[in-house]
Structure formats: C-alpha cells, structure tokens
Amino acid sequence: MHEFAITQSILNIVLDEAKAAQASKITKINLVIGELSGVVSDSVQFYFDFLKKDNAAEGATIDFKQVPAEFRCRDCSTSFNPKDSLWICPDCQSSSIEVISGRNCYIESIEVE
Amino acid sequence: MKIEVLKDITSANDAIADRNRGTLDKHNVLTLNVMSSPGAGKTSLILNTIDRLRNELNLAVIEGDVASKIDADKIDSQGIPVIQINTGASCSLEAQMITPALNRLPLENIDLLFIENVGNLICPAEFALGEHKKVVIASTPEGDDKPTKYPLMFTEADTVVINKLDLLPYLEFDFAGFRKAVEGLNPKVKIFEVSCKTGAGIDAWCSWISAEAKRGRV
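One line per chain: the protein sequences are A and B, in this order.
Using the numbering used here, read the first sequence as starting at 1 and increasing by one per residue.
Using the numbering used here, read the second sequence as starting at 1001 and increasing by one per residue.
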C-alpha cells in the first residue's frame, strides 16, 4: 500500500539528480531492491507509469535488480539466503538469526540525455 | 550519460525523522513509537500508562489511524494533549506526518510522547518517525507465532509487550516459544507481560518508561 509514496520518493530523487546534471531527459532508472525492503516491483512500475507523465522521466524505464536477503546464524555462524521466506538456519535449524543485508532499496544510478 | 545516485528510497523519510528527533531531543521528550496489529491493545496500554505515570511525567499522544478519532477522544477524555492523524489510504505513519503534529504540541512541557501507529505488523516497521524507542505489542489471542510470521517488525523492536494475559484461561500461548523466537531475531529486546484489563505487569512496564525518561534524551 505504501508503494505510491515510495514511487513518488523515487521520482523526486531522480528528477533532482537530472536537474543537477542539467539533463532534460531521464532514459533509465537502475533500482536495487533488497528482498526484505518490502518494496513490490510490480506496484512501483504501476505507479511510476502513472506519475512519470509530463516530466523529465516520461520516457524512462526502470531496471529492477532484486537482491536476496543475507542472514547469519547466531548459533553456528552459517551465512545463508533464506528459502521460502523462512528465518531459520539451514544447517542447525536455529531461529536465532541476524540480518546481514537485504533491508535496503536504493537508486543505484540513472541514465540521462 | 550515466549518473551514480546511490540514494536509499527511504532517505527522504529518514532525513525528516532525524529532524523530528532533533526537535524532540531539544525539549527532552522521550518518544515511543507503539506498533501492533489492530486490536492488540495499543490505546489500552497508553491509557494504563497515563493512569500510572500522570503524576510523575507530563504525557502527550499522537494517534495514527486510517480513519476516525475514536482513540484521540479516549486520550482527550483523560485531559492529556493529543493529536489525531488520519492516514487515509496509507498503511503507516510517515515522518512527514509527525512534523506538523509536533508543532502543535507544547513540547517544552512534555516528558513522554507516545506515537500510536496504524494497526499493522508490516509497513510501520519500514518508516522511522523520529522516535527513541520502538515498542511492539503482541496480544495472546493473536497466537504465539507472530514473530515467525512478521519477523521484520520484531527485529526492529526495542521492547515487546505481550498483552491480554487475562485471556490465558481461554487460549494456548507458548510463552517460552514466543520469547525464543523474539530473542532469536533480536537478542537485545526487552519483553514485558501485561494485562491492560487487570493491570497485571503494568508496574514493571511503567518502571521501565520512568527510568528511560529520567535518563534524559540529550
């Protein structure tokens, strides 16, 4: 439900960046989505197509790069990517789990003309 | 031409949250962001806390709901300053909604501010508001499996309150399993067990708040 606000935030950031670079057109937005960020790419795409009208991002496409979550088991120190969204160590079945990465969603770069 | 951006999409929210925290720190206001599923007892816990601590601390509340001012009316009836925020379609409070509410509160006279988030165990975990501590309430009828089903929320929590102890004769709730799951995600978490109905456990919860408030935020 908050993808609309997130997409607005993405658009604000890329328009500011394009303006700072004195570019008139954004052609591509390279977005990195961590598995735990809660961001749904289909929803972002849907809102983006709606919001990009009449601004420098009108002709832009979004490239979504999905990054899997990375966990570490606090009991046996195994690092792993979760299977089926389960926060359980595949080696020792412990549920004492530390999140190493996968929380972030960020704009890696934009391509402009 | 390619331009490197490397900006987190929540950076705008986080920057506003930091500003809110700055405002709260300036006035030494301990601020708790209270989150849970709908009906777990956020308002009840706040009302119980008001009852116990009102002679010791000056309290205020910001209420977040999709619609209505039912909760704000309950707080107002206690004579406590309260601001209701209706989020409409939004599933969570965001930092920019808090800023105007802070401007309307007499912060210089407040020691403890509760921000009651929208009832939801998913989205509120994503948005910092400027709080000092995140409090997550889980109630016994929801079941003991919530930390496993909504791990991110319990990873974010500083404090977890298990509410509705009074209903235990009617349900099964595995306290040891619940604690193990929460502490597995979050070893530093503090867990309280309370009943807002009978008042059980509320003293321990209020002692923790008192100690946090007295520690000073600046």
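In this text, a Cβ means the ideal position worked out from N, Cα and C, and glycines have one as well.
Is the distance from the Cβ of residue i to the Cβ of residue j below 8 Å?
{"i": "glutamate 1156(B)", "j": "serine 1037(B)", "result": "no"}
{"i": "valine 1160(B)", "j": "valine 1194(B)", "result": "no"}
{"i": "asparagine 1048(B)", "j": "valine 1066(B)", "result": "no"}
{"i": "glycine 1225(B)", "j": "threonine 1031(B)", "result": "Outside the modelled stretch of chain B, which goes from 1001 to 1218, sits residue 1225(B), for which no answer is possible."}
{"i": "isoleucine 1115(B)", "j": "valine 1034(B)", "result": "yes"}
{"i": "alanine 1213(B)", "j": "aspartate 1076(B)", "result": "no"}
{"i": "asparagine 1028(B)", "j": "threonine 1099(B)", "result": "no"}
{"i": "leucine 36(A)", "j": "leucine 11(A)", "result": "no"}
{"i": "asparagine 1013(B)", "j": "phenylalanine 1173(B)", "result": "no"}
{"i": "threonine 1043(B)", "j": "aspartate 1071(B)", "result": "yes"}
{"i": "glutamate 113(A)", "j": "leucine 1006(B)", "result": "no"}
{"i": "leucine 15(A)", "j": "alanine 56(A)", "result": "yes"}
{"i": "arginine 1210(B)", "j": "leucine 1024(B)", "result": "This sequence places serine at residue 1210(B); arginine is not what is there. Result no, Cβ atoms of serine 1210(B) and leucine 1024(B) do not sit closer than 8 Å."}
{"i": "isoleucine 1050(B)", "j": "glutamine 1096(B)", "result": "no"}
{"i": "alanine 1101(B)", "j": "isoleucine 1046(B)", "result": "no"}
{"i": "lysine 1180(B)", "j": "serine 95(A)", "result": "yes"}
Which residues of chain A have a Cβ atom closer than 9 Å to the Cβ of residue i, listed in chain order?
{"i": "valine 1005(B)", "result": "Ile13, Val14, Glu17, Ile29, Asn30, Tyr106, Ile107, Glu108, Ser109, Ile110"}
Output, in chain order, the set of chain B residues within a Cβ distance shorter than 8 Å of residue i.
{"i": "valine 99(A)", "result": "Thr1155"}
{"i": "serine 95(A)", "result": "Thr1148, Lys1180, Ala1181, Gly1184, Leu1185"}
Residues of chain B with a CB under 7 Å from the CB of residue i: which are they?
{"i": "serine 79(A)", "result": "Simply none; closest approach about 16 Å."}
{"i": "isoleucine 6(A)", "result": "Ile1009"}
Could you round the C-beta distance between residue i and residue j to whole angstroms and report it? I think they count as a contact, below 8 Å.
{"i": "serine 101(A)", "j": "glycine 38(A)", "result": "So it is not a contact: roughly 15 Å between Cβ atoms."}
{"i": "leucine 1152(B)", "j": "alanine 1125(B)", "result": "5 Å"}
{"i": "aspartate 1144(B)", "j": "glycine 1177(B)", "result": "5 Å"}
{"i": "aspartate 1158(B)", "j": "tyrosine 106(A)", "result": "Contact doesn't hold; Cβ gap of about 25 Å is too wide."}
What residues of chain B sit near residue i, judged by a beta carbon separation below 9 Å?
{"i": "glycine 38(A)", "result": "Ile1122, Cys1123, Ala1125, Glu1126, Leu1152"}
{"i": "isoleucine 62(A)", "result": "Under the 9 Å cutoff, chain B gives no residues; its nearest Cβ is about 12 Å from isoleucine 62(A)."}
{"i": "glutamate 69(A)", "result": "It is worth fixing the name first, because residue 69(A) is alanine in this sequence and not glutamate. The contacting residues do not exist; alanine 69(A) stays about 10 Å from chain B at best."}
{"i": "alanine 23(A)", "result": "Met1001, Ile1003"}
Regarding residue i and the ligand PLP, is the C-beta to nearest heavy atom distance less than 7 Å?
{"i": "aspartate 1018(B)", "result": "No copy of the ligand PLP appears in this structure; indeed no ligand is present at all."}
List the residues of chain A that residue i touches, going by C-beta distances under 8 Å, in chain order.
{"i": "glutamate 1131(B)", "result": "Chain A residues near glutamate 1131(B): none, gap ~18 Å exceeds 8 Å."}
Ignoring anything shorter than 4 residues, give me the alpha helix (DSSP H) runs that lie fully in the region 1034-1059 of chain B, in order along the chain. 1042-1053
Contained beta strand (DSSP E) runs [length at least 3] in the region 1107-1141 of chain B, N- to C-terminal order: 1112-1116, 1133-1139
As an exercise, report each continuous beta strand (DSSP E) stretch of at least 3 residues that is fully enclosed by the region 48-72 of chain A, in chain order. 61-67
Cβ pair count under 8 Å reaching 3, the region 17-27 of chain A against the region 87-97 of chain A: no
Would you call the region 1134-1149 of chain B and the region 1179-1195 of chain B touching, i.e. three or more CB-CB distances under 8 Å? yes
Taking 8 Å as the threshold, find out whether the region 1057-1072 of chain B comes into contact with the region 1162-1171 of chain B through three or more Cβ pairs. no
Counting Cβ pairs closer than 8 Å, one from the region 1072-1084 of chain B and one from the region 1105-1112 of chain B, do we hit at least three? yes
Is the number of C-beta pairs between the region 71-82 of chain A and the region 26-33 of chain A that are closer than 8 Å three or more? no
Secondary structure, alpha helix (DSSP H): runs of 4+ residues fully inside the region 1154-1199 of chain B: 1175-1185
Are there three or more Cβ pairs, one per stretch, closer than 8 Å when the region 44-57 of chain A is compared with the region 1-14 of chain A? yes
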